[in-house]
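Residue numbers (this note's numbering): 8 to 186. Idealized CB from N, CA, C, for every residue including glycine.
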Ligand SMILES: [Mg+2]
């Protein structure tokens with residue numbers, strides 16, 4: 008078993024501009040490469056878990072998402088960072104169209120993507136870290152049993168403070184978690 012660093016995508020890896028699906032709109036957040044490199048150096052597998060209801064809403068396609076993902080993982084690879092897995096949930100219970108309109112155990116705050124990654128990559132969740140920018144990320148990690156939960160937020164957050172560490176940015180998170 009190996010420990011993992013779970014990263015939310017929008018708001019953690021890239022600036023959340025709502026439904027980003029084109030390379031030209033994908034803006035890496037300051038500090039993400041250094042944080043991922045530090046985690047990898049400490050033996051964490053890097054795994055991305057991302058709700059992508061934009062697919063279900065018909066705003067872009069799974070192929071658009073996959074194309075962007077290949078480019079994104081390539082940008083990490085250029086910096087010698089291996090992304091071990093990217094898990095995405097395209098469904099939305101109300102706004103999804105056609106086959107995409109349904110509840111999904113994968114959609115955060117449900118833990119399905121994390122549990123699937125655990126099984127497929129043989130991950131040790133208790134010794135893993137999850138970083139997200141929403142409480143739904145934290146909830147998914149908590150339900151799955153991820154040992155350390157980190158919320159990146161400039162706001163003062165009072166909910167679930169007992170289990171969640173809050174950092175104002177990725178640089179501070181890296182220093183606290185991986186230095
Ligand atoms: Mg996010």
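For the pair residue 59 and residue 100, the CB atoms are not nearer than the 8 Å cut-off. In the displayed model, residue 13 falls within a strand according to three-state DSSP.
With a 10 Å radius around the Cβ and a threshold of 16 neighbouring Cβ atoms, residue 47 comes out buried. The residue from 56, 35 and 178 with its alpha-carbon nearest to that of residue 115 is 56. When DSSP assignments are scanned along the stretch 19-88, the uninterrupted stretches of alpha helix (DSSP H) that are 4 or more residues long and fall wholly within it turn out to be 39-48, 60-63 and 69-85.
Residue 139: not part of any alpha helix (DSSP H); member of the beta strand (DSSP E) spanning 136-139, first to last residue. Listed in chain order, the beta strand (DSSP E) elements of length 3 or more contained wholly in the stretch 91-175 are 136-139, 155-159 and 171-174. Contact annotation: the stretch 141-151 does not touch the stretch 23-34, with fewer than three C-beta pairs closer than 8 Å. Rounded to whole angstroms, the gap between the alpha carbons of residue 42 and residue 143 is 22 Å. Exclusion of residue 36 from the 7 Å shell around ligand 1 follows from its C-beta lying no nearer than that to any non-hydrogen atom of the ligand.
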